[in-house]
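Q: Below are the C-alpha cells for one structure; questions will follow.
This is the structure we're talking about:
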C-alpha cells in the first residue's frame with residue numbers, strides 16, 4: 001500500500017500502477033478503484049490536513065503533479081473537451097511500444113503513435129473555479145492554521161517560511177526573479193490536435209514558465225467581487241460532472257498541473273491565429289486566451305475527488321466521521337441557549353442598546369432558504385434596519401462586526417455611482433465564450449450587506465435601474481436573472497440580505513425594524529470606538545461563529561397539534577378586527593417562530609416559541625406605528 005508520502009507527492013504513481021495492473025484484466029474497473037483509493041485515504045483521521053491547499057500556499061511552493069486541495073466556487077463551466085484516455089508510445093531506439101494512461105494529465109510523453117489502434121479517446125468537463133467570494137479573513141486564517149501539509153520549495157527559490165498566504169506573498173512574487181524550475185517528464189501536449197514534434201521535447205522539459213513572475217492583474221481572473229485575491233483554477237472533471245452546478249462551493253482534491261508546455265502551446269496558438277482562416281478555426285483568439293490561460297497563473301487541477309460544501313465555517317467538523325459530528329452537535333445544542341444570551345447582549349451593545357433590534361438581527365443571521373414551493377423561497381428573512389445613524393461611519397462599523405461573525409459576506413454601498421456603474425448581474429460573453437461574473441454571483445449563505453445610507457440625490461441611469469431591479473428580485477425571490485444577451489436565465493440563490501437605511505428602504509424586505517438608539521449623539525463616537533475594541537478582544541467570537549452556522553444547518557418541523565393551535569390563534573386574532581392581521585403577517589410570524597426555535601437549538605415549534613414570536617412581532621409593529629406617527633408616512 002502506498003505511504004502517505006507517495007499518494008500525496010506522487011498520485012500519478014498510484015494511478016499508473018493501477019492502470020498497469022489492469023492491462024491483464026480489462027474488466028478490473030481500475031478508474032473507480034483509483035478514485036476510491038484516494039477517497040479512503042482522505043477519510044482517515046486528519047489525512048485531509050496533510051494535503052497542501054491552493055488557498056493557503058503560493059503555487060511556486062507546490063510540487064507539480066502532486067495531490068493538492070482547493071476550497072472553491074464554480075464561477076463558470078466550459079464546454080466538454082476530448083483527450084487521449086489511453087495512448088501508445090514508441091521508443092525511437094528500440095521501436096518498443098508502451099501503453100500509457102492519459103487520465104489526469106494535460107500533456108503526454110513524447111513519441112505518441114497517433115496511428116495506434118489502441119488509442120482511446122475520452123471526454124472530460126472543465127470548471128472555472130475561484131476562491132469562495134467574500135470569504136472573510138478569519139475563515140482563511142483558521143483554515144491555513146489547521147493545515148499540517150509539509151511544503152518543500154524548489155532549490156532555485158528559498159523562502160523565508162514554509163507557509164504564506166496569497167495576500168502576504170504578493171509583494172514577494174513581484175520581486176521573485178528566479179522562478180521555480182518545473183521539470184516535466186511528459187513534455188508533449190496531450191490533445192491529438194495539439195501535438196508538437198519530438199524535437200520540441202527537450203525544450204519543453206527544461207524551460208521554466210515564461211509568465212511565472214507575471215502579475216495576475218494582466219489576466220482577468222473573473223472574480224465576482226472586486227479586490228478579491230487568491231488563485232483561480234481550471235478544474236478538470238472526469239465523471240459525474242452533471243452532479244455539480246454553477247455557483248456550488250466545493251473542496252476539490254486533485255492532481256496539480258502547471259506544465260510549461262501549456263503556456264508554450266497557448267503562445268503558439270496566439271501566434272498562429274492570425275494565419276488561420278476564421279471559418280476553419282473553432283475558437284476565437286479571445287476564447288483561446290480565456291480557456292487556455294498561462295498555467296503559472298491559472299493552474300489545472302485534475303479532480304480525483306470533490307465534496308460539495310454545505311458551509312465554509314472551519315470551526316465546524318469536516319464530516320470525517322458521523323460519530324464526531326453527532327458528538328459535536330449534541331454538545332453545541334446543549335450550549336445554544338446560553339450562547340444565544342451572550343450573543344444577544346453583544347449585539348444589543350453593537351446596536352446602541354436596542355435589544356429588540358438585536359433579537360431580530362440574530363434571526364436574520366441564522367435564516368436560510370430551506371425549501372422552494374413553486375417560485376416562493378421559504379425561510380428567507382431579509383431585514384431592513386432603518387434608523388441607522390449616518391455619523392461616525394456607523395453602518396460601516398456594523399458591517400465589520402457582522403464580518404467577524406459570518407464565514408462569507410460582502411458590503412455594497414448603494415451610492416449613485418455604484419448603482420450606475422457596478423456590474424451586479426453576470427453576463428455571457430459569446431466572443432470569449434465565458435460567463436463574465438457580477439457582484440451577485442455569490443455562494444449560498446453569503447451575507448450581503450446593503451448600505452442605503454450611502455444613497456444620495458441624483459438620477460439612476462439604465463444600468464442603475466437594472467441593478468436596483470436585480471437587488472429587488474434577489475430579495476423577493478432569491479434568484480438572479482443572468483444576462484445571456486437575447487434572453488435571461490434564472491439562477492436560484494440563497495443569500496442573506498441586510499439593508500441598513502435611515503428611513504424605510506426603497507428595496508423590499510421581509511421585515512423592518514427601526515433602530516432605537518440608547519446612546520446620546522454626542523457620545524456616539526466614543527461609544528463606537530469601545531464597540532470596535534470589544535469585537536477585537538472578545539474571546540466569545542468563535543462560540544458565536546459556531547452558534548450561527550449550526551443554527552442555520554438544523555432541520556425543523558411543526559407537529560399537527562401545534563399547527564392546529566396556530567390556526568386557532570389566527571382565527572381568534574381576526575375575530576375582533578379582521579384588518580388587524582393579514583395572511584402576510586401570519587406568514588412572517590411563522591418565519592419568526594421558526595427562527596426563534598432554531599436560535600434556541602430546538603428543531604420543532606413549541607407553544608412557548610409561538611407565543612414569544614407573537615410578542616416580539618407585536619412590539620415591533622407597535623414601534624413602527626409610533627415611528628410613523630412621529631415622522632409621518634415614510635416613502
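Residue numbers (UniProt numbering): 1 to 635. The beta-carbon is built from N, C-alpha and C at its ideal position, and this holds for glycine as well. Since the model is a prediction, treat every value here as computed from it, not as a measurement.
#1: Classify residue 579 as helix, strand or coil using the three-state DSSP reduction.
#2: For residue 316 versus residue 253, is the C-beta spacing smaller than 9 Å?
#3: Decide yes or no for the touch test of the region 569-582 against the region 369-384: beta carbon pairs closer than 8 Å, at least 3 of them.
#4: Is the beta carbon of residue 360 closer than 9 Å to that of residue 528?
#5: Taking contact to mean at least 3 C-beta pairs separated by less than 8 Å, is the region 334-348 in contact with the region 296-313?
#6: Within 10 angstroms of the Cβ of residue 484, are there 16 or more other Cβ atoms? Answer buried if so, exposed if not.
#7: Taking residue 257 and residue 65 to be in contact with their CB atoms under 8 Å, please state how far apart those CB atoms are, rounded to whole angstroms.
#8: Give me the Cβ distance between residue 637 and residue 133, rounded to the nearest whole Å; I'm assuming they're in contact under 8 Å.
#9: Can you tell me whether residue 229 is helix, strand or coil according to DSSP?
#10: If residue 446 and residue 476 are in contact, beta carbons under 8 Å, what's the gap, nearest whole angstrom?
#11: Mind checking who residue 378 pairs with in its DSSP beta bridge?
#12: Give, in chain order, every unbroken run of the beta strand (DSSP E) that is at least 3 residues long and sits entirely within the region 502-549.
#13: Output needed for residue 415: all residues of its chain with C-beta closer than 8 Å, excluding positions within five of it in sequence on either side, in chain order.
#14: Name the two residues that bound the continuous beta strand (DSSP E) containing residue 492.
#15: Assuming residue 286 and residue 432 make a contact with CB atoms under 8 Å, what is their CB distance in whole Å?
#16: Is the beta carbon of residue 90 closer than 9 Å to that of residue 102?
#17: Measure from the alpha carbon of residue 99 to the alpha carbon of each residue in 141, 24, 52, then state which is nearest.
#18: Nearest CA to the CA of residue 440: which residue from 396, 381, 348, 490?
#19: Look at the alpha carbon of residue 245 and the alpha carbon of residue 74, and state the distance between them as a whole number of angstroms.
#20: Tell me, which residues are paired with residue 408 by DSSP?
#21: Closest Cβ-Cβ distance between residue 313 and chain B: below 9 Å?
#22: What is the DSSP secondary structure of residue 479, reduced to helix, strand or coil?
#23: Suppose the cutoff is 7 Å on Cβ atoms and the five residues either side in sequence are ignored; what does the same chain contact list for residue 593 look like?
#24: First and last residue of the alpha helix (DSSP H) that includes residue 288?
#25: Is it the case that the Cβ atoms of residue 54 and residue 68 are separated by a distance below 9 Å?
#26: If you follow the alpha helix (DSSP H) that residue 18 is in, where does it begin and where does it stop?
#27: Can you find the residues in the same chain that come closer than 7 Å, C-beta to C-beta, to residue 624, ignoring five residues on each side of it along the sequence?
#28: Please list the segments of the beta strand (DSSP E) lying wholly inside the region 80-146, counting only runs of 3 or more residues, in order along the chain.
#29: Taking the straight line between their C-alpha atoms, what separation do you get for residue 572 and residue 584?
#30: Quick check: what's the CA-CA separation for residue 567 versus residue 423?
#31: Reducing DSSP to helix, strand and coil, say where residue 364 ends up.
#32: For residue 42, which residues in the same chain have their Cβ closer than 8 Å to its Cβ, ignoring the five residues on either side in sequence?
#33: Under a Cβ-count criterion, where at least 16 other Cβ atoms within 10 Å of its own Cβ denotes burial, should residue 278 be classed as buried or exposed?
#34: Going by beta-carbon coordinates alone, are residue 121 and residue 82 separated by less than 9 Å?
#35: Confirm, please, whether the CB-CB distance from residue 125 to residue 237 is below 9 Å.
#36: Between the alpha carbons of residue 76 and residue 598, how many angstroms are there, rounded?
A: In this structure, then:
#1: In the chain shown, residue 579 corresponds to position 579, counting from 1. Coil.
#2: Here residue 316 refers to the residue found at position 316 when the chain shown is read from its first residue. Here residue 253 refers to the residue found at position 253 when the chain shown is read from its first residue. No. Outside cutoff.
#3: Contact fails: fewer than three Cβ-Cβ distances are below 8 Å.
#4: As a working note, residue 528 is residue 528 in the chain shown. As a working note, residue 360 is residue 360 in the chain shown. With a cutoff of 9 Å on beta-carbon distance, residue 528 and residue 360 are scored as not near each other.
#5: Proximity of the region 334-348 to the region 296-313 falls short of the contact definition, fewer than three beta-carbon pairs being nearer than 8 Å.
#6: The count along the chain shown starts at 1 and reaches residue 484 at position 484. Residue environment: residue 484 is assigned as exposed (fewer than 16 neighbouring CB atoms within 10 Å of its CB, all protein chains considered).
#7: Walking along the chain shown from the start, residue 257 turns up at place 257. Walking along the chain shown from the start, residue 65 turns up at place 65. Right, their Cβ atoms sit about 7 Å apart.
#8: In this structure the chain extends from 1 to 635, so residue 637 is not present and cannot be described.
#9: Taking the chain shown and counting its residues from 1, the one referred to as residue 229 is at position 229. DSSP places residue 229 in coil when its eight states are reduced to three.
#10: Counted from its first residue, the chain shown places residue 446 at position 446. Counted from its first residue, the chain shown places residue 476 at position 476. About 17 Å separates the beta carbons of residue 446 and residue 476, which is beyond the 8 Å limit, so they are not a contact pair.
#11: Working through the chain shown from its first residue, we reach residue 378 at position 378. Here residue 378 is bridged, per DSSP, to 371.
#12: Secondary structure remark: continuous beta strand (DSSP E) runs of at least 3 residues inside the region 502-549, in chain order: 511-514.
#13: Indexing the chain shown from 1 puts residue 415 at position 415. Shown here for residue 415: same chain residues with a beta carbon closer than 8 Å to its own, the five before and five after excluded, namely 454, 455, 456 in chain order.
#14: Here residue 492 refers to the residue found at position 492 of the chain shown. Here the beta strand (DSSP E) through residue 492 covers 488-492.
#15: As a first step, residue 286 must be located in the chain shown, where it is residue number 286. As a first step, residue 432 must be located in the chain shown, where it is residue number 432. With 8 Å as the limit, residue 286 and residue 432 qualify as a contact, their Cβ atoms being about 4 Å apart.
#16: Taking the chain shown and counting its residues from 1, one reaches residue 102 at position 102. Taking the chain shown and counting its residues from 1, one reaches residue 90 at position 90. No, the Cβ-Cβ distance between residue 102 and residue 90 is not below 9 Å.
#17: Residue 99 sits at position 99 when you count from the first residue of the chain shown. Residue 99 has its Cα closest to that of 24, out of 141, 24, 52.
#18: One-based indexing of the chain shown puts residue 440 at position 440. Shortest Cα-Cα distance from residue 440 to any of 396, 381, 348, 490 involves 490.
#19: In the chain shown, the residue the question calls residue 245 occupies position 245. In the chain shown, the residue the question calls residue 74 occupies position 74. Rounded to the nearest whole angstrom, the CA to CA distance from residue 245 to residue 74 is 7 Å.
#20: For the purposes of this step, residue 408 is taken as residue 408 along the chain shown, with counting starting at 1. Beta-bridge pairing links residue 408 to 135.
#21: The structure shown contains no chain B; it holds only a single protein chain.
#22: By one-based count along the chain shown, residue 479 stands at place 479. Of the three classes helix, strand and coil, the one that applies to residue 479 here is strand, per DSSP.
#23: Looking up residue 593 in the chain shown gives position 593. Excluding five sequence positions before and after residue 593, the CB atoms of its chain that fall closer than 7 Å to its own CB belong to 605, 609, 610, 613, given in chain order.
#24: Your numbering for residue 288 matches position 288 in the chain shown. Segment 285-291, the alpha helix (DSSP H) holding residue 288.
#25: By one-based count along the chain shown, residue 54 stands at place 54. By one-based count along the chain shown, residue 68 stands at place 68. Yes, the pair counts as a contact, with Cβ atoms nearer than the cut-off.
#26: Sequence index remark: in the chain shown, residue 18 carries index 18 (1-based). Residue 18 -> alpha helix (DSSP H) spans 11-22.
#27: The residue you call residue 624 lines up with position 624 of the chain shown. If the five residues before and after residue 624 are omitted, its C-beta is found closer than 7 Å to the C-beta atoms of 512, 514, all from its own chain and listed in chain order.
#28: Secondary structure remark: continuous beta strand (DSSP E) runs of at least 3 residues inside the region 80-146, in chain order: 81-90, 97-101, 120-130.
#29: Your numbering for residue 572 matches position 572 in the chain shown. Your numbering for residue 584 matches position 584 in the chain shown. So the two alpha carbons sit approximately 16 Å from each other.
#30: By one-based count along the chain shown, residue 567 stands at place 567. By one-based count along the chain shown, residue 423 stands at place 423. Taking the straight line joining both Cα atoms gives about 45 Å.
#31: To locate residue 364, count along the chain shown from 1; it is residue 364. Residue 364: helix per DSSP, three-state reduction.
#32: Against the chain shown, residue 42 aligns to sequence position 42. A distance below 8 Å between beta-carbons, with the five flanking residues on each side excluded, links residue 42 to the following residues of its chain, in chain order: 48, 51, 253, 305.
#33: The sequence position of residue 278 within the chain shown is 278, counting from 1. Confidence in residue 278 is poor, its pLDDT being 45 and thus under 50, which makes the residue's placement too unreliable to answer from.
#34: For the purposes of this step, residue 121 is identified with residue 121 of the chain shown, where counting begins at 1. For the purposes of this step, residue 82 is identified with residue 82 of the chain shown, where counting begins at 1. Note that the C-beta distance between residue 121 and residue 82 is below 9 Å.
#35: Translated into positions along the chain shown, residue 237 becomes position 237. Translated into positions along the chain shown, residue 125 becomes position 125. Yes, Cβ-Cβ distance for residue 237 and residue 125 is below 9 Å.
#36: Sequence index remark: in the chain shown, residue 76 carries index 76 (1-based). Sequence index remark: in the chain shown, residue 598 carries index 598 (1-based). So the two alpha carbons sit approximately 35 Å from each other.
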